[in-house]
Amino acid sequence: MSVTTFSFADGVVNTQEILSYFQENGFVILEEVLTSDEIKYYIDLFDQDRQKWGDLAVLWHPFGEYQTRNCHALVSSPEFDKLLRHENILPVIEFLMGGKTCFSELCLRHMTPYNGEPNQSFHRDRPHWEEHPLRMDYVQLMVYLTNVNQETHCFSISPESVNTPILDTADQLDRNGIVDCHGVAGTVVLFNNAVLHTATVRVTKHERKTVQAYYGHRSRPFLSNCSIIPPKFCYYHPDQETRDFYGNLNDTTRMFLSAFKSEQDESKIFESVYA
Ligand SMILES: O=C(O)CCC(=O)C(=O)O
Ligand SMILES: [Fe+2]
């Protein structure tokens, strides 16, 4: 299958065309979304995060056999907030989701050079939400921070139209095949996380670095307990819209917020009594 990609190079992009493509395929590849300075900035941020925290298993830990990831990147490198709400990215996500969205998860992911058996494990992260025009409860943003091609690991997806029945894995792959998503560093893939997909693990001399974030609908249940949302985003951010974006709190975040809140309150009591 030939893949159409959409480029932001001219500064304008036709969101209607992106929507039509997404309706027919359940994903879209966006190119030149970030400037070269931005790409360099996020690669450096990723590398610094991994250098600083790579040995701390509470942050960087193995995920499956082929990846390590840090799902608390908003805590360790809060600058990734700017990427999540990037002016070229968030409006497209909101257009596809059909309204305001909320932060669900953010993981930095790393894959090493590899010389074993190639692997694909096709899966759907969550069920479809059939009441939604794109059958989409959660959308994933994947940003490649290394060049991804035939010689590297990649993300692969089996295209799926909203107008066709949802099939089991074997029948879906038979019907619509597989698209390997390739692109230079800075390429962005958006996909409905209910559409069948996998990491494609290849024999390669190259590492792969990605930023992978999920967005949900504000009125729907939170996606996962993977990522803690720092209070500076969900409670104390000066902008109401940003607080709302980060406001669909998972249980992990609630637990940490209540633990730290009580400590703060106790220290206030301490100060007022002993000052
Ligand atoms: O890392 C990849 O290429 C795919 C990962 C994946 O399946 C996911 O994030 O849900
Ligand atoms: Fe997945």
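With my numbering, the residue at position 174 of the sequence shown is 315, and numbering never jumps.
For glycine and all other residues, C-beta sits at the position ideal for the given N, C-alpha and C.
Candidates the options, of which the one nearest residue i by Cα
i: residue 178; options: 233, 375, 327 and 384; result: 327
i: residue 92; options: 264, 311, 213 and 278; result: This structure leaves residue 92 out entirely; the chain is present only between 142 and 416.
i: residue 148; options: 176, 167, 337 and 268; result: 176
i: residue 174; options: 163, 153, 355 and 261; result: 153
i: residue 219; options: 202, 187, 285 and 163; result: 187
i: residue 189; options: 251, 227, 145 and 143; result: 251
i: residue 211; options: 388, 352 and 382; result: 352
i: residue 349; options: 296, 382 and 386; result: 296
i: residue 266; options: 337, 162 and 201; result: 337
i: residue 368; options: 199, 291, 162 and 161; result: 199
i: residue 312; options: 263, 168, 275 and 273; result: 263
i: residue 272; options: 261, 260, 304 and 258; result: 304
i: residue 182; options: 202, 221, 155 and 231; result: 221
i: residue 259; options: 235, 142 and 292; result: 292
i: residue 357; options: 185, 377 and 389; result: 389
i: residue 284; options: 372, 333 and 184; result: 184
i: residue 270; options: 167, 396 and 381; result: 167
i: residue 204; options: 340, 163 and 237; result: 340
i: residue 398; options: 371, 379, 377 and 286; result: 371
Where the alpha helix (DSSP H) through residue i begins and ends
i: residue 162; result: 156-166
i: residue 383; result: 381-386
i: residue 367; result: Element bounds for residue 367: n/a, residue is neither H nor E.
i: residue 311; result: 310-317
i: residue 374; result: 372-375
Endpoints, beta strand (DSSP E) assigned at residue i
i: residue 296; result: 295-298
i: residue 321; result: 320-322
i: residue 349; result: 349-358
i: residue 333; result: 329-333
i: residue 147; result: 146-148
i: residue 249; result: 242-252
i: residue 281; result: 279-285
i: residue 326; result: No beta strand (DSSP E) contains residue 326, which DSSP labels as neither H nor E.
i: residue 342; result: 338-342
Residue j beta carbon less than 7 Å from that of residue i
i: residue 282; j: residue 331; result: yes
i: residue 217; j: residue 364; result: no
i: residue 361; j: residue 375; result: no
i: residue 329; j: residue 294; result: no
i: residue 366; j: residue 345; result: no
i: residue 322; j: residue 170; result: yes
i: residue 302; j: residue 165; result: yes
i: residue 225; j: residue 354; result: yes
i: residue 248; j: residue 359; result: no
i: residue 146; j: residue 172; result: yes
i: residue 288; j: residue 325; result: yes
i: residue 230; j: residue 280; result: no
Suppose only complete runs of 3+ residues qualify. What are the beta strand (DSSP E) ranges in the segment 182-240, listed by chain order? For the segment 182-240, whole beta strand (DSSP E) runs of length 3 or above, ordered along the chain, are 201-204 and 208-211.
Whose CB is closer than 6 Å to a heavy atom of ligand 2? List the residues in chain order. Listed along the chain, these residues meet the criterion: 264, 266 and 338.
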